[in-house]
Amino acid sequence: MLLSIQDLKVSFRMGQGVLAEAVKGVSFDIPENTTVALVGESGSGKSVTAMSVLNLLPENAVREGRILWQGKNLLQASLADLQAMRGREIACVFQDPMSSLNPVFDVGQQLCEPLMKHLGLSRSAALKRAEELLHEVGIPEPTRRLKSYPHEMSGGQQQRVMIAMALACEPKLLIADEPTTALDVTIQRQILELLGKLKTEHRMSVLFISHDLGLVGEIADRVVVMRGGTIREQGPAADIFERPQDAYTKALLACRPSLEGNPARLMVIDDHIAASQGGVSSTAAAGLAKTKDPNAPVVLEVRALAKSFWLKKGVFGRREFKAVQNVNFQLRKGHTLGVVGESGSGKTTMGLALLRLHEPNGGPEAGEVMFDGKNLLKISAAERQVMRRRIQIVFQNPYASLNPRFTIGQTLLEPMVIHGIGNSTADREQRARALLEKVGLDGRAFGKYPHEFSGGQRQRVAIARCLTLNPEVLVLDEAVSALDVSVQAQVLNLLKDLQDEFGLSYVFISHDLAVVRFISDEVLVMKDGVVVEQASAAQILAAPREDYTKRLLAAIPKGYSAAALATPVR
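Residues in the sequence shown are numbered from 868 upward in steps of one, following our numbering.
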């Protein structure tokens, strides 16, 4: 047995002798040349369990039990022993490559470091091996890319560099912690195929951590399902997917949006568990989503929108990069426009251009964004300030979009003060508390800080902040992509409820076609800054015209199939 985790308990010292339990007696094995998937929602203890192997936990962590690496208990290993193992025998790939890669070192320097430290290679030999590694993980022009910095690469390329670094010393175990969560479906597919190919070639084992059972069904040999720091179910992938025994496992399999049908609401984890136990579901899907009024008034009309950026060329020159070209659409009251495409397709640039959030000197804009009879691209700064009250944006990363020094109450009160909403501080506070309840947070959240909340709760706060201004249009830029499937379902249900109650119109930017299918009425498919296909959500998914759209659909993880597991991902 390569790795055996036996009755692992992990707690965190919280001060005054208080211990918070994160992992409560977890046991499972990882055989040689095997992919084991650790699955569960955020807060289930997946990452804490995995990071316990090499003790990559904060100093206030307390570990008990046994972690046997080829018979040696790692809980008793010295720091020097662990440092010798990290990257050499056990390597890690984390969720966010941009926070894992050093921004001040080029890719070549970062790849050479483990080769020189663990294998004793010379600088020239390490550079040669680094080039081979970049080629192995499928990065084009590896010689040139050795001199690139992380910010000069796409998210998919950054993740490939992280995988190359992890594989540099040919470890026996690769721990992959949510390595594809924030990537679009085609890059996600490429990373899965790459991991499968490298696992076979290097005969290594993989501990693959994810909240998405549909994803791990395509790569895992064994599955371990966690919730609340305990294991709810584990076994061969075929058994878990074809004959799940635990109600929580069944719920995880069922709560992801489907490309088929369009329910009025998504069921969340607790709904599925309540239904399986004969209880009453609080948010059960009541039939199909209702049809929107096709003649609803147009609130936003975009005509020939284009956005370019100036890129440096030579010492003093510059060239124009056309990020968005000739985008046209109408957004009606109470409707949702879904915008999909790969990373770099221009989705986010288009969304930010609608609100004039790009630096004015960054590059030229063209076209018209008509809102309430005015072109938002031409209005003055004072008029734009007024309009921004009526058009708001929710960003992808709830950890970065909330000020860590502001309480939740201050976060909600600030925009109301700026825009003169409410007659007094007491009036604004009452409105802020009501909005917190509206998005599913109680009044106790008002005095807390962002770090005291989960990602899903922070995203609810970000939505509540937008609602303080009574907006008419919300631009949602990958607003649910970093959330686990159950929290994602809660936020999507919330967005639909708010749309029904307030008549909000959404521009919903996402790389997840299943999510777009659930929430959107019309869909734009973007590639290289151009709209390649535009139709109703049902039509796009049922009968896509363009090959690019078909490729996006084909890349969506389909979950477990006997054929898929019989033939490992290549």
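Yeah, the Cβ is synthetic: ideal placement off N, Cα and C, and Gly gets one too. Values in this document were obtained by computation on a predicted structure and should not be read as measured data.
- Beta-carbon to beta-carbon, VAL1383 and VAL1374 are separated by about 12 Å, too far to satisfy the 8 Å threshold.
- The residue from GLN1025, GLU980, GLY1307 with its alpha-carbon nearest to that of SER1210 is GLN1025.
- ASN1193 has its alpha-carbon roughly 21 Å from the corresponding atom of ASP1239.
- The Cβ-Cβ distance between VAL1358 and VAL1347 falls below 7 Å.
- LEU1074 and LYS1064 have their alpha carbons spaced roughly 15 Å apart.
- In this structure, LYS1214 keeps its C-beta atom at 7 Å or more from the C-beta atom of ILE1407.
- Cβ-Cβ separation between TRP1177 and GLU1168: approximately 28 Å, too far for a contact (criterion under 8 Å).
- DSSP assignment within the region 1238-1297 yields the following whole beta strand (DSSP E) runs of 3 residues or more, N-terminal first: 1258-1261.
- Judged by DSSP in its simplified three-state form, CYS959 adopts strand.
- If you keep only unbroken beta strand (DSSP E) runs of at least 3 residues inside the region 945-1029, you get 957-960.
- For ILE1107, the enclosing alpha helix (DSSP H) has its first and last residue at 1104-1109.
- Runs of alpha helix (DSSP H) with 4 or more residues, each lying fully within the region 1364-1418, are found at 1380-1386, 1404-1409, listed in chain order.
- Between LEU1303 and the set LEU1062, ARG1325, LYS1014, LEU1000, the nearest pair of CA atoms involves ARG1325.
- Scanning its chain for C-beta atoms nearer than 6 Å, with the 5 sequence neighbours on each side dropped, one finds around ARG1295 the residues LEU1280, MET1283, GLY1289, in chain order.
- Residue pairing for GLY1205: DSSP places it in a beta bridge opposite PHE1375, VAL1390.
- A residue is called buried once 16 or more other Cβ atoms fall within 10 Å of its Cβ, and PHE1183, having fewer, is exposed.
- Looking from the CA of TYR1266, the closest CA among ARG1311, ASP1395, GLY1323, HIS1069 belongs to GLY1323.
- Cα atoms of SER1387 and VAL1328: separation of roughly 22 Å, rounded to the nearest angstrom.
- A direct Cα-to-Cα measurement between CYS1036 and LEU1119 gives close to 36 Å.
- Cβ atoms of LEU1172 and GLY1229 stay farther apart than 8 Å, at about 16 Å.
- Residue range 1114-1121 is occupied by the alpha helix (DSSP H) that includes LEU1120.
- Cβ atoms of MET952 and LEU921 come within 8 Å of each other, at about 7 Å.
- Cα atoms of LEU1361 and VAL1306: separation of roughly 7 Å, rounded to the nearest angstrom.
- Per DSSP, reduced to three states, the secondary structure at VAL1342 is strand.
- Cβ atoms of ILE1076 and SER914 come within 8 Å of each other, at about 6 Å.
- For the set LEU1219, ARG1011, ILE1275, ASN1270, the Cα lying nearest the Cα of ARG1255 is the one of LEU1219.
- Around ALA1033, the same chain offers GLY954, ALA958, CYS959, VAL960, LEU1041 as residues with beta carbons nearer than 8 Å, after the five sequence neighbours per side are excluded.
- With a 10 Å radius around the Cβ and a threshold of 16 neighbouring Cβ atoms, ASP1379 comes out buried.
- Spatial neighbours of ASP1113 in its own chain (CB-CB distance under 8 Å, excluding positions within 5 residues in sequence) are listed in chain order as VAL1092, ARG1099, GLU1100.
- Here ALA1233 is bridged, per DSSP, to ALA1173.
- In this structure, the CA atom of LYS1117 is about 19 Å from the CA atom of LEU1350.
- In terms of Cα proximity to ARG933, the closest of LEU923, GLU908, GLY892, GLY910 is GLY892.
- Following the DSSP letters along the chain, one finds LYS1066 inside the alpha helix (DSSP H) bounded by residues 1052-1069.
- Annotated three-state conformation of SER878 is strand, per DSSP.
- Across the structure, GLN1252 and HIS1318 are spaced so that their CA atoms are roughly 29 Å apart.
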